[in-house]
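Under the numbering used here, read the sequence shown as residues 735 to 1012, first letter to last.
Where a beta carbon is used, it is the ideal one built from N, C-alpha and C, also for glycine.
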Amino acid sequence: MTKPDSLRLEPGAKRRHYWRDLWRYRELFYMLAWRDISVRYRQTAVGVAWAVLQPLATMIVMTVVFGKVAGLSKASGPPYALLVIAGMLPWQFFSSAFAGASQSLVTNAGLISKVYFPRMIIPAGAVATSFVDLLIAFTILLAMLIWFQFVPNWHIVVLPLFMALSFGAAMGFGLLVAALNVKFRDFRYVVPFIVQFGVYISPIGYSSELIRSRLGDTLYYVYCLNPIVGIIDGFRWAILGTPLDVFALLIACASVAVAILVGVWYFRRTETGFADII
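Below, the structure written as structure tokens:
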């Protein structure tokens, strides 16, 4: 009788057992995620507080620019600062996770070229690291809810679903660009541009309803092909009770599903050649 942990050499075993191997190598996933977290804040004066200070500083700037200068804070609804931070947190997570995952294979080239393991563990670890930062940054939101004496309604119970949706978006796009970056190093210049551009095309400092009123329904739903729009609206609906367009949310879910399918497909297709060209 063959022992469960014994080594068996079979043609194509890596491909057939790939998803099972992801579970078997889960300790490597934990190790890489913990290493990224510790390296990120090593030798910093305030440590993990950077996960709070960065979105807090961005929120303050956006509140002043969009709220005071552009006058968007005059709109009715929850306090404008809460609207901004509820949009900033999912965006900060996605941009950080996407950028980290896209560079993760190149930065771990030595590990990839020496031993076998499912390479998907590496970008997944980068996304998980940013997810930890998101959980830490939620302390800002909690503090602001207390400051404004704002009590979320029952929608808050579905917030984990929108967090999972944002995780899927970061993972899908991150896998695709990580695989592309191994062969085409131009993406190390493209990714920062995408992240910078995404700030302006995502409803972080303003409501997506403002875009709808200016563009009309048809162009608005084209705008919602950016899955971050639906994710941010979902966060705000769950936390602040703002309106949520179900059709726009379905578009976001479909976009994330396509990103995951394409990302996994392309990653798996090119994964066997990573060690040769990285």
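Membership of glutamate 943 in the alpha helix (DSSP H) is indicated by the continuous run 942-949. When the beta-carbon positions are compared, isoleucine 855 and phenylalanine 763 come within less than 9 Å of each other.
Look at glycine 1007 here: in three-state DSSP terms it is helix. Bounds of the alpha helix (DSSP H) holding glycine 834 are 814-841. In the structure shown, arginine 919 falls within a coil segment according to DSSP collapsed to helix, strand and coil.
Fully enclosed alpha helix (DSSP H) runs of no fewer than 4 residues occupy 893-917 and 921-935 of the region 857-935, in order along the chain. Within the model, the alpha-carbon separation for valine 933 versus tryptophan 825 is close to 8 Å. Considering only Pro937, Gly950 and Ala904, the residue with the shortest C-alpha distance to isoleucine 994 is Ala904. Inter-residue distance for serine 830 and phenylalanine 800 is about 23 Å (C-alpha atoms, whole angstroms). By the Cβ rule, the region 929-946 does not count as touching the region 839-846, because fewer than three pairs are nearer than 8 Å. Annotation note: the region 760-800 contains the following uninterrupted alpha helix (DSSP H) runs of length 4 or greater, listed N- to C-terminal: 760-774 and 784-796. For leucine 974, the enclosing alpha helix (DSSP H) has its first and last residue at 961-974. Contact annotation: arginine 776 and threonine 863 have beta-carbon atoms that are not nearer than 9 Å. Minimum Cα-Cα distance from leucine 876 among the listed residues Ser847, Met897 and Leu823 corresponds to Leu823. Valine 998 has its alpha-carbon roughly 23 Å from the corresponding atom of cysteine 958. For glutamine 930 and alanine 833, the gap between their C-alpha atoms comes out near 11 Å.
Fewer than three pairs of CB atoms, one per stretch, sit closer than 8 Å, so the region 940-950 makes no contact with the region 876-896.
Per the C-alpha coordinates, the member of Asp1010, Val866, Thr1006 and Ile1012 positioned closest to tyrosine 752 is Thr1006.
For the pair tyrosine 940 and phenylalanine 981, the CB atoms are not nearer than the 9 Å cut-off. Exposure of glycine 950 is indicated by the presence of fewer than 16 other C-beta atoms within 10 angstroms of its C-beta. By the C-beta density criterion, proline 857 is buried, having at least 16 other C-beta atoms within 10 angstroms. In this structure, the CA atom of valine 963 is about 24 Å from the CA atom of valine 885.
Annotation: the continuous alpha helix (DSSP H) that includes tyrosine 752 extends over 752-758.
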